[in-house]
Amino acid sequence: MKKEESKSVYRFQTTTGLAVNLIQKPGYHQFLGALTARFGALTTEFKIGSGQKIDIPAGTAHFMEHKVFDKKEGDALVKFTNLGADANAFTGSKQTTYYFTATSQVEESLSWLLTFVQEPYFDQEKVDRERGIIEEEINLYQDDPLWQLYQGILNLLYPGSALSQDIAGSSASLKKISADLLYQIQSAFYQPKNLQLTVVGNFKTSDIAALIEKTEAKVAGSPQTVIVPEEKLSPQVVFDQRKNFPVSVTKGVYGLRLAENSPELTDLERVREVLLADLCLDLVFGDQTDWFQDQYAAGIFGDDFDYEYNSLNQYQYLALFADGDNQDQVYSVLKARFEEAETVLLQSQDDFERIQKAVAGQNLASQNVPDRLGLDEDLALYGLSLFDKMKLITGFCLDDVVECGHHLFKSGRLTRLVLEK
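In structure tokens form, the structure reads like this:
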């Protein structure tokens, strides 16, 4: 058992290779366990050892999430319910997470979490039935304008890429998913060395660690050598598109595809980059700025105005959302703001310190919420907890933000997608 202790997180690796984070919260009644497989929608092919390349249809990670709960004896959720626990799962671009919360019989629920995720059972008839269920799920959000905006801008920024595909897949891609494929994925991506377990609650560390080791010894799969090639992205970008859509007010999204990082970022560098980018965007576009207040007063932006930065493998992009019938004016205002952004950042010392304190305060508040601690994507993917990120946040200076801003706002043409009646 490989161990690493920090002030707030006790980390160790089981003899099977499972990475474990134990976060003690004395006095808390709620207990949370979350098991994450580093396998999400962006993985489109792989090989096991020297075997043949295996293609992964769009939607497979999400499909897998559904079917992992399906056991020969029934639905894995039933056992959680009988134990008094609430359980769920979600799929992202890079990971699939299975988790539960409980206030009693927590050791039994934790053991069951490790067991049902790592012991595969896939039946072809049930796989066939699942397609219809997921197709209905996909149809439910096709009329959602926010989904259309977000998926649409990814299609324009990265046409034909894995990121441009719906996480849930399509009717055509779902037809390519079989029980055999799910077994292959289970063997490759649900093996212990590709999993990370996080436990949050009031417990004795040695007892929980012993339970995890004991359960892992029974259920862990055999180690496999898995090769996942990096996706080759086309440089093509579509810069402008308008779609007719039943909306009460015209909606626009503006994206900027950023250059791929070279060399590839380390885990720490990627988390640091995202934290700095969020600070940059707040300083340039935040509702506390005179710039935003002027646009708001002029009726160019409303309360719906929003923005975000994402960094996923070789994908780095900005997205800004704004409602309004005059989207040409929105485009002009945003373009001008991008051009002056670096100058704005250089003059933002006071605002930087204020926002830095606010972000640190939000982080501190999240440290008292088990769900925020246990379901933190950066902890599951990169091994960096809220406590680690607090050290990064409080250690930033304005020069760090200015340097990040140079990467975010250097010359680049905005891509626009507009939904209108």
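Just so it is clear: in the sequence shown, position 166 is 166 by UniProt numbering, and no numbers are missing. The beta carbon of each residue, even a glycine, is placed where N, CA and C say it ideally should be.
ask   = If we call anything under 7 Å between Cβ atoms a contact, is A41 one with T97?
value = no
message = In the DSSP output, which residue or residues are listed as bridge partners for K71?
response = G74
ask   = Under a three-way DSSP split, which group does R413 fall into?
value = coil
Residues of its chain near F29, where Cβ-Cβ distance is below 8 Å and the 5 sequence neighbours each way are ignored = Here residue 29 is His; the residue named in the question, Phe, does not match the sequence. Correct list, in chain order: T103, N202.
request  = Compute the Euclidean distance between the alpha carbons of S206 and K214, then round it to the nearest angstrom.
outcome  = 12 Å
query = So, is residue 457 buried or exposed, given that buried needs 16 or more other C-beta atoms within 10 angstroms?
reply = Look at the range of the chain in this structure, 1 to 421, and you will see that residue 457 is not part of it.
request  = Can you give me the Cβ contacts of E264 inside the same chain, cut-off strictly under 7 Å, excluding the 5 residues immediately before and after it?
outcome  = none
Option in Y10, D290, K67 with minimal Cα separation from A89 = K67
Per-residue burial, K421 [other beta carbons within 10 Å of its own, 16 or more giving buried] = exposed
E5 to Q13 span [Cα, whole Å] = Unreliable positioning characterises E5 in this predicted model, as indicated by a pLDDT of 45, which lies under 50. The coordinate reading is nonetheless provided below. Roughly 12 Å separates the two Cα atoms.
query = Closest by CA to L320, which one among L154, K126, A172, V117?
reply = L154
key: Nonlocal neighbours in the same chain, by C-beta distance under 6 Å from Q288, ignoring five residues either side   = none
query = Straight-line CA distance for I133 to A58?
reply = 16 Å
request  = Count the other C-beta atoms from every protein chain shown that fall within 10 angstroms of the C-beta of F239, then say buried if there are 16 or more, exposed otherwise.
outcome  = exposed
ask   = Is it true that the stretch 375-384 meets the stretch 337-352, where meeting means three or more beta-carbon pairs spaced less than 8 Å apart?
value = no
key: Exposed unless 16 or more other CB atoms sit within 10 angstroms - verdict on G252   = buried
key: Residue burial classification, K2 (beta-carbon count within 10 angstroms, cutoff 16)   = Low confidence applies to K2: its pLDDT is 47, below 50, so where it sits in the model is not reliable, and the reading given next is rough at best. Classification for K2: exposed.
task = Under 8 Å by Cβ, that's how I've got E230 and T44 pegged, so tell me the actual separation to the nearest angstrom.
result = Between T44 and E230 the Cβ distance is about 11 Å, and since that is not below 8 Å, they are no contact.
task = Starting from the N-terminal side, write out each stretch of the beta strand (DSSP E) that is 3 residues or longer and does not extend beyond the stretch 181-246.
result = 195-201, 240-244
message = Quick check: the Cα distance between D278 and G395, rounded to an integer number of angstroms?
response = 15 Å
task = Measure the C-alpha to C-alpha separation of P159 and V237 and round it to an integer number of angstroms.
result = 7 Å
inquiry  = Which of the three DSSP states is assigned to Y28 in this structure?
reply    = coil
inquiry  = Please report the straight-line C-alpha distance between D144 and S93, rounded to a whole angstrom.
reply    = 20 Å
query = Which residues share a DSSP beta bridge with residue 424?
reply = With the chain represented from 1 up to 421, any question about residue 424 goes unanswered, as that position is not in the structure.
request  = Tell me, to the nearest whole angstrom, how far the beta carbon of V274 is from that of I300; I am working on the premise that it is less than 8 Å.
outcome  = Rounded, the Cβ-Cβ distance is 28 Å, inconsistent with contact.
query = Taking the C-alpha atoms as reference points, what is the distance between F63 and D294?
reply = 46 Å
ask   = Within 10 angstroms of its Cβ, does E403 collect 16 or more other Cβ (buried), or is it exposed?
value = exposed
key: Neighbour-count burial assignment, N139, 16 or more Cβ in a 10 Å radius   = exposed
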